[in-house]
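Participant:
Residue numbers (our numbering): 3 to 371.
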């Protein structure tokens, strides 16, 4: 009987291998990626020898402040997601579907259960009770796919960012987690060319950044002769006030680029008071520089998605401010660093609707050959 039981265990293990989830979702399943029912997994586990150590489980708090204090997890971890209700039916409008999808994502993310191996390595772990009927079963693969795809589709560029009392302590650690996601982006030859500079307001650095915005705005409006002196000063002051109230900034830059500050001493950007003049754009010139620039753009998108998953709004900004000497001095950039973008971060005051697409998906954006 023991020999037959051993064979049956091998057959059961082989059967489970035929129904593994995608590799990206495998860590969400405690049974090596098996999609078998919880009862089947508990029965198999009960017939197997007990493990020497069992991991400890800790639930991530749902509030922003407590999440910041308890989110430090060992890099070696698995995640189990509690099942949630499916989104609204097909009879709802597109905008309501996206809103409900975003709410479903936030509820799903707030109920994550992290199994940390840090305590196990320290010898503090206790054995897991395999007969605990309260352990929720992993969600189905289609549900996970839908949640992830809704997360991608509901991200928006948010211009109206505010500081919320409950998010102030959470903001810095949320940016840290976002950069952890950023470094997992595709990176040819693993050059890791990107650098992310974090600025949390209020600080002397964010105040200096708002002043740069003010002086660049004044200079540009004077060059374009937009209204009277009083009008353009008022408009520039409005922009400075707006930048002062942005809760956080994240500057994405890539190194190894051509010199971003020209050495021509007769150019207008070398004159007195020209630190607020827009420097000429110097693009990547080699294949490796272009690949590194693309890798930094991919990493920046991961940052935006990670922030969105934590219900934080963001705006990827470019424009004349980031291409001035004054900005580069505030951020302390090297001459070979090209600024990919200035990411503004905070709690969204309101989330804009999905913009109308200019091109059709099938046959235009997506082509078949």
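The beta carbon of each residue, even a glycine, is placed where N, CA and C say it ideally should be.
Inspect the CB distances between the region 299-310 and the region 179-192 and report whether three or more fall short of 8 Å.
Facilitator: Judged by Cβ distances under 8 Å, the region 299-310 makes contact with the region 179-192, as three or more pairs qualify.
Participant: Are the region 251-267 and the region 326-338 in contact at 8 Å, needing three or more beta carbon pairs?
Facilitator: Judged by Cβ distances under 8 Å, the region 251-267 makes contact with the region 326-338, as three or more pairs qualify.
Participant: Taking DSSP as the reference, what is the three-state secondary structure of residue 223?
Facilitator: Within the chain shown, the letter at position 221 stands for residue 223. Here residue 223 sits in helix by DSSP.
Participant: Secondary structure at residue 302, three-state DSSP: helix, strand or coil?
Facilitator: The residue given as residue 302 occupies position 300 in the chain shown. DSSP places residue 302 in helix when its eight states are reduced to three.
Participant: Restricting to Cα atoms, I'd like to know which of 209, 248, 247, 223 is closest to residue 236.
Facilitator: To locate residue 236, count along the chain shown from 1; it is residue 234. The candidate whose alpha carbon is nearest that of residue 236 is 223.
Participant: Any idea which residues DSSP pairs residue 364 with across the strands?
Facilitator: Counting from 1 along the chain shown, the entry for residue 364 is found at position 362. BP columns for residue 364 point to 368.
Participant: Got a sec? Which residues, its chain only, sit under 6 Å from residue 328 by beta carbon, not counting five neighbours each side?
Facilitator: Here the question's residue 328 lines up with position 326 in the chain shown. Excluding residues within five positions, the ones whose Cβ falls inside 6 Å are 214, 277, 278.
Participant: State the DSSP-derived secondary structure class of residue 283, mapped to helix, strand or coil.
Facilitator: For the purposes of this step, residue 283 is taken as residue 281 along the chain shown, with counting starting at 1. Coil at residue 283, not helix or strand.
Participant: When the Cα of residue 299 is compared with those of 367, 281, 318, 247, which residue comes out closest?
Facilitator: Within the chain shown, numbered from 1, the residue matching residue 299 stands at position 297. Nearest of 367, 281, 318, 247 to residue 299, Cα basis: 318.
Participant: Run through DSSP, which three-state label would residue 173 get?
Facilitator: Translated into the one-based positions of the chain shown, residue 173 becomes position 171. Looking at residue 173 - three-state DSSP - the assignment turns out to be helix.
Participant: Short of 8 Å in beta carbon distance, which residues of its chain neighbour residue 281, apart from the five on each side in sequence? Order them along the chain.
Facilitator: In the chain shown, counting from the first residue as 1, residue 281 sits at position 279. Closer than 8 Å at Cβ, skipping near neighbours: 262, 263, 264, 271, 325, 326, 327.
Participant: Can you tell me the Cα-Cα spacing of residue 219 and residue 208, whole angstroms?
Facilitator: Indexing the chain shown from 1 puts residue 219 at position 217. Indexing the chain shown from 1 puts residue 208 at position 206. Going from the Cα of residue 219 to the Cα of residue 208 covers about 17 Å.
Participant: Flag this pair as touching only if the region 354-369 and the region 169-176 have three or more C-beta atom pairs under 8 Å; answer yes or no.
Facilitator: Contact between the region 354-369 and the region 169-176 is absent, because fewer than three Cβ pairs lie under 8 Å.
Participant: When you compare only the Cα positions, how much space is there between residue 158 and residue 234?
Facilitator: Position 156 of the chain shown holds residue 158. Position 232 of the chain shown holds residue 234. So the alpha carbons of these two residues sit roughly 30 Å apart.
Participant: Using CA atoms only, rank isn't needed, just tell me which of 232, 286, 163, 192 is closest to residue 247.
Facilitator: Position 245 of the chain shown, counted from the first residue, corresponds to residue 247. Per the Cα distances, 163.
Participant: Let me know the beta strand (DSSP E) ranges lying completely inside the region 177-248, each 3 residues or longer, listed in chain order.
Facilitator: As far as the region 177-248 is concerned, its whole beta strand (DSSP E) runs of at least 3 residues are 196-202.
Participant: What is the DSSP secondary structure of residue 341, reduced to helix, strand or coil?
Facilitator: To locate residue 341, count along the chain shown from 1; it is residue 339. Residue 341 falls in the strand class under three-state DSSP.
Participant: Got a sec? Which residues, its chain only, sit under 6 Å from residue 351 by beta carbon, not counting five neighbours each side?
Facilitator: Your numbering for residue 351 matches position 349 in the chain shown. So the list reads 162, 164, once near-sequence residues are dropped.
Participant: Along the chain, where does the alpha helix (DSSP H) containing residue 327 start, and where does it finish?
Facilitator: Here residue 327 refers to the residue found at position 325 when the chain shown is read from its first residue. Here the alpha helix (DSSP H) through residue 327 covers 327-333.
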